[in-house]
Each structure stands twice: as structure tokens, then as C-alpha cells.
């Protein structure tokens, strides 16, 4: 009987860690304790394990290409995630093939997935931030290594996501800590999970503080929508703090407030979400929440590679915490 080559699971068993940890060590992930890294490296040396993906591709018929399904959009968050995925995949020796769709519905997603499978991709990552993608993903073949990014947390499939609620709580709490009696929220589209998570975090922070929860101000992701909402808020003298669901909304709000003579942060404070490169150059520089897109991409790739290496799936979850970036758009409420 032929003796099989050692697999990643053998390394994990000998080192006493999960196969995800072995994958992190192999990919040079910085968030691994040195003691753990040394233990995994010792197990690799003892077993003579070599992650020979080229040989595996010959056996499985899969290439060194990862297929990505993404909506055709220039929005900062999805575009940044896609760029980070390409960068992280290249560092691990994989190319990325991107299939862009106009709508994340079943027909569009299935068509792109079929194209990827026809090209024998090693696995598939779907950036699925809207509700319409959820049902489509559940109807895909279950023998394909697959990870969803920013997808539906209610569905049992591998998922990596930014902790939207935690970021929104941090933004709202920052405004409350500055002395504001409550915080208004200009939200993103209702069918986006990012938007829902940020609404949840905003409400949670206000509930925990025991303060009044103002009516939600619904919008889309654009600066134009922020401007329209800002014109309404600018006419409300009791509004002293606004948290917007992204930085482009904040830009529109800032423009409207300026036109109405409402000074930021002297009369009203504003916090955004995303930390777009221009946020530091808004007038005033914008306090915002920064998602770690590189960490999301790295976790997604590790989760996918673990499936490829072990031929196993599983409803794995990983949530990446964002950070608050404090600039000059927040101050105490005006004295009345």
C-alpha cells in the first residue's frame, strides 16, 4: 500500500492547532504567536510536509487561480476589498480571475460561478453585501470551495465580514462621549448588510446610553444623497451630532451644513465610515471608522485555502474589527 504524503491536517494534529492556524503560518500571517508558529514549523519539518499546490492542481484539475464574484461598482468598500484580495492572493502564489456582475441575483451569480468552474479555479470568493445574493449562494454546488465576504450572517456558509455593528457603536459612542445628547444617523441602502449592521450598532449604542433614538434618515451611498439629507438636518437646530453610513454621505452632509452656516464641529459634529483616502482632506478632516480590508482579504483567503487543502467545507465565520480614526470633525455640542 502506498504511503500518502502528509496533509495540512496532519501538521495541525501534530502541532495541536487548527488547520486554519497552519494556513496562517504557511502564509506568513502576522497574527500568530511566536510559540505557536515555532510549534507548527517544527511539525512541518518533522512530517516533511510540503504544500505543493501545483501537484495538487494536476490531481484535482484545479488551477492556481481563485475566482472572485463581485458587483460591478466603484464604491470604495467593495472596490478596496477586491484590490486587497488580488494582493493577498498574489502573495500566496494565486492569480485572481474577477467576474463582475451588474446585479447580485441568482442568475448573474450562477453564470459567473459556472464560468469560473469551467476554468477549473481552485476556489471561489463572492463579495456579497446585498440581500439578493443570499439565496443565490445557497443554490450553488456544495462541493466547491467557497467563501463569502460581507455576506448574509443568517446563512450557514463560510463568511468573513467587517464588524459593522462594532464600528457603528464606536462612532456613535465617540459622539456621545463628546457630550452630545443623541446622535442622528444617515443610513445606507436598506438591502445592504453593511447598512443594516451600522444601523444596529448605532441603535445599540444609543440604547446602552439610555438616550433618545432619533428617526433614521435613509439614503443611498452617494454624496448627493448626503447633501439632500444634510439640507434637512441643517434646518433642525436641535441636531448637534450626525453619524453617516459612509464617508461620501458625510461629504454631502458637510457641504449642506456649510451652505446653511452650520459650522463643523462648532455647531454640529459629523462622523463617517470607510476612511476613504480623501477623508483626511475634507473640510474639516473627517473623523471616521476604518475597516481593515487587508485583514478581511487575508482571512478570506486562509479560509478558502483551508477548504482547498482539506477538501472540507463547514460554516466557518470570522469577523474583523474596524478602528475609529479621530480627526477634526467632532467636538462638544454648542452651549445654548
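In this note's numbering, the protein residues as written are 554 to 889. For every residue, glycine included, the Cβ atom is placed at its ideal position computed from N, Cα and C.
Ordered along the chain, which non-local residues of its own chain (more than five positions away) have a Cβ less than 6 Å from that of residue i?
i, result
"residue 716", "872, 874"
"residue 853", "678, 700, 702, 713"
"residue 618", "648, 650, 674"
"residue 848", "873"
"residue 724", "796, 824, 842"
"residue 661", "654"
"residue 706", "none"
Please classify residue i: is it buried, with 16 or more other beta-carbons within 10 angstroms of its beta-carbon, or exposed?
i, result
"residue 576", "buried"
"residue 591", "exposed"
"residue 855", "buried"
"residue 793", "buried"
"residue 834", "exposed"
"residue 844", "buried"
"residue 620", "buried"
"residue 664", "exposed"
"residue 763", "exposed"
"residue 561", "buried"
"residue 832", "buried"
"residue 733", "buried"
"residue 595", "exposed"
Going by the CB atoms, is the gap between residue j and residue i shorter than 8 Å?
i, j, result
"residue 638", "residue 678", "yes"
"residue 697", "residue 737", "no"
"residue 754", "residue 798", "no"
"residue 877", "residue 842", "yes"
"residue 681", "residue 652", "no"
"residue 800", "residue 826", "yes"
"residue 593", "residue 564", "yes"
"residue 813", "residue 788", "yes"
"residue 672", "residue 633", "no"
Distance check for residue j and residue i, CA to CA, integer angstroms please.
i, j, result
"residue 686", "residue 819", "43 Å"
"residue 627", "residue 598", "45 Å"
"residue 740", "residue 752", "7 Å"
"residue 743", "residue 749", "7 Å"
"residue 731", "residue 886", "8 Å"
"residue 768", "residue 759", "12 Å"
"residue 859", "residue 735", "45 Å"
"residue 850", "residue 642", "8 Å"
"residue 709", "residue 690", "10 Å"
"residue 636", "residue 624", "13 Å"
"residue 683", "residue 745", "4 Å"
"residue 756", "residue 747", "14 Å"
"residue 646", "residue 601", "20 Å"
"residue 773", "residue 783", "13 Å"
"residue 659", "residue 728", "40 Å"
"residue 777", "residue 870", "35 Å"
"residue 670", "residue 880", "46 Å"
"residue 654", "residue 765", "41 Å"
"residue 555", "residue 640", "Any reading at residue 555 must be qualified, since the residue scores a pLDDT of 49, below 50, and its modelled position is unreliable; the value itself is stated next. Cα to Cα, residue 555 sits roughly 38 Å from residue 640."
"residue 884", "residue 567", "54 Å"
"residue 570", "residue 558", "19 Å"
"residue 722", "residue 840", "14 Å"
"residue 688", "residue 888", "51 Å"
"residue 815", "residue 726", "22 Å"
"residue 846", "residue 657", "21 Å"
"residue 821", "residue 857", "45 Å"
"residue 644", "residue 761", "43 Å"
If you drop the 5 nearest sequence neighbours on each side, which residues of the same chain put their C-beta closer than 7 Å to that of residue i?
i, result
"residue 540", "Since the first and last residues shown for the chain are 554 and 889, residue 540 lies out of range."
"residue 585", "574, 577, 578"
"residue 588", "none"
"residue 861", "675, 676, 698"
"residue 779", "739, 772, 797, 801, 802, 803, 804, 805, 806"
"residue 629", "827, 829"
"residue 692", "659"
"residue 631", "623, 624, 680, 682"
Residues in its own chain within less than 8 Å of residue i by CB, not counting five upstream and five downstream?
i, result
"residue 775", "801, 802, 805"
"residue 863", "560, 561, 562, 572"
"residue 667", "none"
"residue 785", "770"
Regarding residue i and the ligand NAP, is the C-beta to nearest heavy atom distance less than 7 Å?
i, result
"residue 676", "Judged by which ligands are present, the structure shown has none, so any question about the ligand NAP falls away."
Is the Cβ of residue i closer than 8 Å to any Cβ of chain D?
i, result
"residue 810", "The question asks about chain D, but that chain is absent: this structure has only one protein chain."
Item checked: Ranges of the alpha helix (DSSP H) found wholly within the region 773-857, counting only runs of at least 4 -> Taking only runs of at least 4 residues, the alpha helix (DSSP H) segments lying wholly in the region 773-857 are 776-787, 800-812.
Checklist line | Entirely enclosed beta strand (DSSP E) segments - the region 558-587, minimum 3 residues | finding: None, since the region 558-587 contains no complete beta strand (DSSP E) of that length.
Next item on the list: Could you tell me which uninterrupted alpha helix (DSSP H) segments, each at least 4 residues in length, are contained entirely in the region 667-720, listed from first to last along the chain?
Entry: Entirely contained in the region 667-720, the alpha helix (DSSP H) runs reaching 4 residues are, in chain order, 685-691.
Notebook entry, point to check: Taking the runs of the alpha helix (DSSP H) that are 4 residues or longer, which of them lie wholly in the region 717-754?
Noted result: Runs found: 717-730.
Next item on the list: With a floor of 3 residues, list each beta strand (DSSP E) that falls wholly inside the region 623-660, ordered by position along the chain.
Entry: Fully enclosed beta strand (DSSP E) runs of 3 or longer: 648-654.
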